[in-house]
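Per this note's numbering, residue 298 is the first one in the sequence shown, and the count goes up by one each step.
Ideal Cβ positions, reconstructed from N, Cα and C, are used throughout, including at glycine.
Here the structure comes first, spelled out in structure tokens, and everything after it is commentary.
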Amino acid sequence: MNILTRSKLKEHLKLLPLTVLLTVLLWMYADANLTAVESDLPIHIRLAAGPATGPHAQSVQLISPADGEFEITVQGPRNKVSRVRQQCEGRAVFTQQDRDNLSYVLTGSQLQAVRNGHPLEAIRVLNRLPYFRQSGVLVTAVRPKRISCRIDPIVQINRPIQFQAVHGVAASITPAVATVSLPKSLLDSLGGSDQISIIAQPLVDVTQLPPRTHQTISAQLTAQFAGSPDKHVVVTPATAKVSFTVPPQPQSRLFIGVVPVWVSGPPWLLNQYQISVRSNTLRITVSGAKESLQALRDNLIAGDAVPAAKRVIGFLDIPPPVVLTQGWQTHRIRYALPKGITLLDGPHHVLYKITSRSTSPATAATAPAPPAKAQPATTVNSQ
Numbered sequence: 298m299n300i301l302t303r304s305k306l307k308e309h310l311k312l313l314p315l316t317v318l319l320t321v322l323l324w325m326y327a328d329a330n331l332t333a334v335e336s337d338l339p340i341h342i343r344l345a346a347g348p349a350t351g352p353h354a355q356s357v358q359l360i361s362p363a364d365g366e367f368e369i370t371v372q373g374p375r376n377k378v379s380r381v382r383q384q385c386e387g388r389a390v391f392t393q394q395d396r397d398n399l400s401y402v403l404t405g406s407q408l409q410a411v412r413n414g415h416p417l418e419a420i421r422v423l424n425r426l427p428y429f430r431q432s433g434v435l436v437t438a439v440r441p442k443r444i445s446c447r448i449d450p451i452v453q454i455n456r457p458i459q460f461q462a463v464h465g466v467a468a469s470i471t472p473a474v475a476t477v478s479l480p481k482s483l484l485d486s487l488g489g490s491d492q493i494s495i496i497a498q499p500l501v502d503v504t505q506l507p508p509r510t511h512q513t514i515s516a517q518l519t520a521q522f523a524g525s526p527d528k529h530v531v532v533t534p535a536t537a538k539v540s541f542t543v544p545p546q547p548q549s550r551l552f553i554g555v556v557p558v559w560v561s562g563p564p565w566l567l568n569q570y571q572i573s574v575r576s577n578t579l580r581i582t583v584s585g586a587k588e589s590l591q592a593l594r595d596n597l598i599a600g601d602a603v604p605a606a607k608r609v610i611g612f613l614d615i616p617p618p619v620v621l622t623q624g625w626q627t628h629r630i631r632y633a634l635p636k637g638i639t640l641l642d643g644p645h646h647v648l649y650k651i652t653s654r655s656t657s658p659a660t661a662a663t664a665p666a667p668p669a670k671a672q673p674a675t676t677v678n679s680q
């Protein structure tokens, strides 16, 4: 092999990787742009009437298909048809722009044709949608083939705004009245404006607002009426301000079967005197919000592991000077209750007896007595 032949061979070998790469790219491009066809794809479109606004506004009410659902056949480059198929089958998401591009606005001769009772050719409508034009595919077949619809004038009514999120609470709402725009046929089918309510739905969780405080919150305005929701119903303004006083939280009752009695007094007094109580546990009923009672119930179950401030304890307060008793005497009980808990029912007095420890050496000292272990409590009724 001469030197010239070897030189040419080396040049060809250098170009071989580039040739292979270009060949692969050409095949990929050709494959992506090969024509593909997909049939029986479900798709939903919306129709609107334009461009009339204000008192001349109108809507398009679909008669057939009533839900705006079609089955279509599309044709175009393989990769673009594949994308449309994935979206129609729910394996890819329709973006907000895609949904907007599936809306068709009737104008001019089309509006007049609908008013005269003529159906629209579905394939023409779909191929004029921005979605298919931008996707680069062509709709070649549609079921059903025709679209029947009617033009419905949009009317406006004024309705008072209601606040129902907090039962039995008077509220000040700004503005007090909202305007509802809706198709005339819908208003007639409902039986008049009195059948439509405008509800102010809080944009905050009212159950988390502090009880007995005055609050001003934002609320979303929605129209409520019998039947299915209608996208043509629009409430203006969309929000309102609601001012009200947060009511007390609903109260429930909790029965506590074992409430310990602790003796309270100066340390020297408790060391010098023996103070006996009959009995050293009490039964009471308390009330509070459900959340507070649930926390108390959990603390009672935990017993001594929970700080005394989070339980219910009856205190027998013995201040100086001390007078020895000849027998059992009556003394008032002071209850220590967690925050948000109120005593409803229970003894207010206990029997007690005071003796000197020097005369009763066998008697153990109490300073103060440890609480009896609490038993789980049960809710007996709600108010």
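Taking the C-alpha atoms as reference points, what is the distance between residue i and residue j?
i      : j      : result
Gln355 : Ala363 : 18 angstroms
Ile615 : Tyr649 : 10 angstroms
Gln591 : Thr504 : 16 angstroms
Gln623 : Phe552 : 35 angstroms
Gln521 : Ile496 : 7 angstroms
Thr627 : Arg575 : 10 angstroms
Pro564 : Asp595 : 32 angstroms
Leu567 : His645 : 22 angstroms
Ser540 : Val452 : 30 angstroms
Pro658 : Gly562 : Any reading at Pro658 is ruled out, since the residue's pLDDT is 40, under 50, leaving its predicted position unreliable.
Arg440 : Thr471 : 49 angstroms
Ala585 : Gln569 : At residue 585 the sequence reads Gly, which differs from the Ala that was named. If I take the Cα positions, the gap works out to 40 angstroms.
Arg550 : Pro635 : 14 angstroms
Leu593 : Asn577 : 21 angstroms
Val357 : Gln409 : 12 angstroms
Thr613 : Ala605 : The amino acid at residue 613 is misidentified as Thr; the sequence shows Leu. Roughly 15 angstroms separates the two Cα atoms.
Pro618 : Trp625 : 18 angstroms
Asp491 : Arg608 : 54 angstroms
Asp397 : Ile454 : 28 angstroms
Ala346 : Gln498 : 31 angstroms
Ala633 : Ala599 : 18 angstroms
Leu506 : Val603 : 28 angstroms
Thr542 : Gly637 : 19 angstroms
Arg388 : Thr510 : 50 angstroms
Ser589 : Leu597 : 12 angstroms
Pro374 : Ile420 : 19 angstroms
Pro450 : Ile514 : 35 angstroms
Any idea which residues DSSP pairs residue i with across the strands?
i      : result
Arg575 : Leu648
Tyr570 : Ser653
Ala592 : Answer is none; Ala592 lacks a bridge partner.
Trp559 : Phe612
Gln548 : Ala586
Ala497 : Leu518
Leu435 : Gln372
Arg456 : Ala475
Ala346 : Leu403
Ile380 : The identity of residue 380 in the sequence shown is Arg, whereas the question assumes Ile. According to DSSP, which records beta bridges pairwise, Arg380 is partnered with nothing at all.
Val530 : According to DSSP, which records beta bridges pairwise, Val530 is partnered with nothing at all.
His511 : Thr542
Arg440 : Glu368
Ser361 : Ser445
Ala354 : Per DSSP, none; premise fails for Ala354.
Val503 : Bridge partners of Val503: none, in fact.
Ser469 : Ser540
According to the Cβ coordinates, are residue i and residue j closer than 8 angstroms?
i      : j      : result
Val555 : Gly611 : no
Arg456 : Ala468 : no
Ile444 : Val477 : no
Ile342 : Leu435 : no
Arg447 : Val411 : yes
Leu426 : Cys385 : no
Ile340 : Ile369 : yes
Pro508 : Pro547 : no
Ile630 : Val558 : yes
Ile458 : Ala537 : yes
Ile572 : Leu621 : no
Thr437 : Gln372 : yes
Shorter than 7 angstroms, the distance from the beta carbon of residue i to the closest heavy atom of the ligand GTP, or not?
i      : result
Ala535 : Only the bare structure without any ligand can be found here, which leaves the ligand GTP out of the picture.
Taking three-plus beta-carbon pairs below 8 angstroms as touching, is the segment 389–398 in contact with the segment 360–375? no
Length-filtered (3 minimum) beta strand (DSSP E) runs lying within the segment 384–428: 400–403
Kindly confirm or deny that the segment 522–533 and the segment 472–490 touch, where touching means at least three C-beta pairs closer than 8 angstroms. yes
Taking only runs that begin and end inside the segment 597–649, name each unbroken beta strand (DSSP E) of 3 or more residues, in chain order. 610–614, 626–629, 631–633, 639–642
Should the segment 412–421 be called in touch with the segment 371–389, which here means at least 3 C-beta pairs below 8 angstroms? no
Quick test of the definition: if touching needs 3 or more C-beta pairs under 8 angstroms, does the segment 637–648 touch the segment 575–589? yes
Looking at C-beta atoms only, is the number of pairs between the segment 429–437 and the segment 462–472 that lie closer than 8 angstroms three or more? no
At least three beta-carbon pairs within less than 8 angstroms, the segment 533–550 to the segment 509–521: yes
Stretch pair the segment 400–407 + the segment 332–339: three plus CB contacts closer than 8 angstroms: no
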